Amino acid sequence: MIELKSFQNFPKISKDSEIVVALPVEVKKDQSVINISKENLSQIEKNLKIKLDLIEIKNLFPELTGKSGEIFIHRLSPEISVALVGIQDASQINMRKAGIAIGRTFRDKAPLILNYLLSGRSEEHTSELQS
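Every letter in the sequence shown is one number past the one before it in my numbering, and letter 6, counting from 1, is 439.
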């Protein structure tokens, strides 16, 4: 799993890699919110040559709560998936639960996991993603 602390250290990806983009889902004011900065979102789209409509992806999973360790996966193409990973309040214990859930979910599949759970969260951007 590659933890991306900023959009500047995006890894080189071979064409035959299976890729999972792990995005954080927090609980804010009793709503689940995908929390990623505009810069990181733009970098994902640019490097993977995809368009991520996070509101549309979130709406595919009405049962999404943001509870720690909860994972919902949406396949964008045969090679690329988005994993919405619940981190609740992003406390240390909840981040640990989320990391364990990612490991269990993908342990036999061995994809390249681009982990955005800790990187570039943005209060400004999350307000746009609430539905």
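Think of the CB as a built atom: it goes at the ideal place given N, C-alpha and C, for glycine as much as any other residue. None of the values given here were measured: they were computed from a predicted structure.
What separation, rounded to the nearest whole angstrom, lies between the Cα atoms of I526 and E459? 14 Å
Start and end residues, beta strand (DSSP E) containing L474: From DSSP, L474 is part of no beta strand (DSSP E) but of the alpha helix (DSSP H) over 471-481.
Where does L497 land, buried or exposed, given buried means 16+ other C-beta within 10 angstroms? buried
Reduced DSSP category for G502 - H, G, I as helix; E, B as strand; rest coil: coil
L493 versus A534, G499, I506, residue with shortest Cα-Cα distance: I506
Taking a contact to mean a Cβ-Cβ separation below 8 Å, would you say I520 touches L550 in this structure? yes
Shortest alpha-carbon distance to S510 belongs to which of L485, E503, A523? L485
By DSSP, does M434 sit in helix, in strand, or in coil? Only weak support is given to the placement of M434: the predicted model assigns it a pLDDT of 47, under 50, and the value that follows is read from those uncertain coordinates. Residue state, collapsed to three classes: coil.
Outcome for I435 when other beta-carbon atoms lying within 10 angstroms are tallied against a minimum of 16: Residue placement at I435 cannot be trusted, given a pLDDT of 45 that sits under 50; the coordinates are not used to answer.
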